[in-house]
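To convert, count from 1 in the sequence shown and add 235; that's our numbering.
We put the beta carbon where it would ideally sit given N, CA and C, even for glycine.
Worksheet: the structure to be examined is printed underneath.
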Amino acid sequence: MRAVIQRVTHASVTIDGKINGQIDQGYLILLGVCNEDSLEDVDWLVKKIANLRVFNDENDVMNRSIQEIDGNCLVVSQFTLYASYKKGNRPSWFRAGSHEHSIPLYNAFCQQLSEAIGKQVATGEFGADMKVELLNDGPVTICMDTKNKE
236 MRAVIQRVTH ASVTIDGKIN GQIDQGYLIL LGVCNEDSLE DVDWLVKKIA
286 NLRVFNDEND VMNRSIQEID GNCLVVSQFT LYASYKKGNR PSWFRAGSHE
336 HSIPLYNAFC QQLSEAIGKQ VATGEFGADM KVELLNDGPV TICMDTKNKE
């Protein structure tokens with residue numbers, strides 16, 4: 236699994252002109268799934284994100300987690316995180332997971348992250364044409380890949 240985690244002051248995802256999910260302070264998480272991913276990848280990624288300390292403490296040092304600031308999360312499926320661009324200029328998506336494989340893992344990720352932070356995460360809609368708006372705070376953007384755990 237690949238995730239791009241952006242610390243935001245607010246974010247939203249709109250589908251067909253209607254807001255599907257929106258948050259105030261917290262994380263916008265773009266999540267990509269490949270066919271080699273499993274529930275172990277979900278577990279590892281959720282723990283890393285829930286405990287990631289990138290929010291400022293009283294000394295203005297990035298030392299607090301999403302849980303400690305009572306922040307929110309918006310999770311948007313993003314198969315393009317698995318773009319292959321080595322040959323030519325048009326990316327291919329052969330590394331992205333199939334719908335049958337990816338949807339259950341996406342749903343498991345959202346459910347486990349909700350449990351980890353103690354509140355429902357907002358979401359986009361898997362496979363939909365989405366418009367994402369955000370105000371990146373910092374900017375702080377972290378990329379994680381469960382295949383690069385070390």
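In this structure, GLY261 lies away from VAL248, with their beta-carbon atoms at least 8 Å apart. Residue range 261–267 is occupied by the beta strand (DSSP E) that includes TYR262. For GLN346, no beta strand (DSSP E) segment is defined; the enclosing uninterrupted segment is the alpha helix (DSSP H) at 334–352. Taking all protein chains in view, the Cβ of GLY332 is crowded by 16 or more other Cβ atoms within 10 Å, so the residue is classified as buried.
Taking the C-beta atoms as reference points, VAL311 is found no nearer than 8 Å to LEU280. If you look at ALA285, you'll find it in the alpha helix (DSSP H) that goes 274–286. PHE290 sits in a strand when the DSSP states are folded into three classes. For LEU369 against GLN241, the beta-carbon gap comes to about 6 Å, under 8 Å, which counts as contact. Bounds of the beta strand (DSSP E) holding ALA246 are 237–250. Scanning its chain for C-beta atoms nearer than 6 Å, with the 5 sequence neighbours on each side dropped, one finds around LEU263 the residues GLN241, VAL243, ALA246, LEU309 and LEU369, in chain order.
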